[in-house]
DNA sequence: TTCTCTTTTTAGAACTATTCTAAAATTAGA
DNA sequence: TCTAATTTTAGAATAGTTCTAAAAAGAGAA
Ligand SMILES: [Mn+2]
Ligand SMILES: [Mn+2]
Ligand SMILES: [Zn+2]
Ligand SMILES: [Zn+2]
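Residue numbers (the working numbering), protein chains in the order written: chain A, -10 to 132; chain B, -10 to 132.
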């Protein structure tokens, strides 16, 4: 059984693999957005980080989230219920479900979604699918 | 063959049917967003209206677009490529196609889209589908 | 018509989310 | 160490939208 402190080095290595200097701020943001959060906004990052970096600048948070997106560690989404940009650590193609009660976003793997388009005038490169509704009693998240 | 000036009365009647007082500003906005434009932003409305109402307030434009949405004449959308809210005069369920060259939004009727979800934990009330890509040479719009 | 009350419009302030700026701090590495 | 490049920061700036409160317009009663 491996020691838990291995987690931290591997995060640093992940940043280095993507040519991102692993500064203290970036590691703290990465720990949250890549490992804890799934669909994080800058505000959520700031809220979570305030116990570790009470003076971190919002500019740093945005710089870092945008850098991670450019490097392929995150993917940006805008959802219809909020003006915030969401940064998704799932960079694979997948759909989303928005629970209209909690406003929570859940991942829906593409294997569970069947979508096709009868079409002759568009060349499709990407599809974004958002299901909206409510969680049933089971209420599980998948992804 | 009916006289063309019938178009204007019918717009006024449409507003009245939805309990919206047909003021001059609202009629001008309605003429654009309900008849000319398909996916209009406040900015597009302002740009189009400036020859008729060079001093119309942005507050009036937003008030009116939001009122029309509340009354069911328009439906609000946010798309991933822009921070603007788009007001769609097609209030029926349908999908969208975003041309990544022109940033233009096209309607895709649901009859052309086949979508289903293998799922046991969500109760789906609505689905938003956005196809992204480029127009082929034919490049027709449908809706 | 005029009076009165309500609704609508307006200019500009305020607000929210994000980006920019330029100076200070940190870092890498010669 | 020294130096140059990178990163972080606070605060200003920007973009899109909503709010405020006063002026204008409209509807209906008298
Ligand atoms: Mn917020
Ligand atoms: Mn704009
Ligand atoms: Zn996701
Ligand atoms: Zn549409």
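Heads up, the beta-carbon is just placed ideally off N, CA and C, and yes, glycines get one too.
Span separating the alpha-carbon of residue i from that of residue j
i: residue 3/B; j: residue 122/A; result: 31 Å
i: residue 7/A; j: residue 61/A; result: 8 Å
i: residue 124/B; j: residue 95/B; result: 10 Å
i: residue 118/A; j: residue 85/A; result: 6 Å
i: residue 197/B; j: residue 39/A; result: Because residue 197/B is not part of the residues shown, which for chain B are -10 to 132, the question remains open.
i: residue 97/B; j: residue 83/B; result: 6 Å
i: residue 128/A; j: residue 36/A; result: Any reading at residue 128/A must be qualified, since the residue scores a pLDDT of 49, below 50, and its modelled position is unreliable; no value is offered.
i: residue 50/A; j: residue 11/B; result: 47 Å
i: residue -10/A; j: residue 27/A; result: Since pLDDT at residue -10/A reaches only 43, below the 50 mark, its modelled position is unreliable, and no value is offered.
i: residue 76/B; j: residue 1/A; result: 44 Å
i: residue 126/B; j: residue 21/B; result: 29 Å
i: residue 87/B; j: residue 78/A; result: 24 Å
i: residue -1/B; j: residue 66/B; result: 26 Å
i: residue 107/A; j: residue 108/B; result: 24 Å
i: residue 59/B; j: residue 43/A; result: 41 Å
C-beta atoms of residue i and residue j nearer than 9 Å
i: residue 116/B; j: residue 120/A; result: yes
i: residue 45/A; j: residue 24/A; result: no
i: residue 57/A; j: residue 17/A; result: no
i: residue 105/B; j: residue 104/A; result: yes
Where residue i falls, given that 16 or more other Cβ within 10 Å makes a residue buried
i: residue -8/A; result: Confidence at residue -8/A is low in this model, with a pLDDT of 40, below 50, so its placement is unreliable and no value can be given for it.
i: residue -3/B; result: Note that residue -3/B scores a pLDDT of 49, beneath 50, so its modelled location is shaky; the value from the coordinates is reported in the next line. Exposed: under 16 other Cβ atoms inside 10 Å.
i: residue 54/A; result: buried
i: residue 29/A; result: buried
i: residue 132/B; result: Residue placement at residue 132/B is poorly supported in this model, since its pLDDT is 41, which falls under 50; the coordinates are not used for a value here.
i: residue 5/A; result: exposed
i: residue 31/A; result: buried
i: residue 47/B; result: exposed
Closest Cα partner of residue i within the set the options
i: residue 73/B; options: 57/B, 15/B, 11/B, 33/B; result: 33/B
i: residue 111/B; options: 102/A, 75/A, 64/A; result: 102/A
i: residue 63/A; options: 71/A, 52/A, 107/A; result: 52/A
i: residue 81/A; options: 91/A, 87/A, 89/A, 99/A; result: 99/A
i: residue 159/B; options: 5/B, 22/B, 26/B, 92/B; result: This structure does not reach residue 159/B, given that chain B is present from -10 up to 132, and the question cannot be answered.
i: residue 89/A; options: -1/B, 9/B, 113/B, 90/B; result: 113/B
Opposing strand residues paired with residue i [DSSP bridges]
i: residue 58/A; result: The partner list for residue 58/A (beta bridge, DSSP) is empty, contrary to what the question assumes.
i: residue 101/B; result: In the DSSP output, where bridge partners are listed per residue, residue 101/B has none listed.
i: residue 76/A; result: 29/A, 65/A
i: residue 123/A; result: 112/B
i: residue 94/A; result: 87/A
i: residue 36/A; result: The partner list for residue 36/A (beta bridge, DSSP) is empty, contrary to what the question assumes.
i: residue 106/B; result: 102/A
i: residue 118/B; result: 118/A
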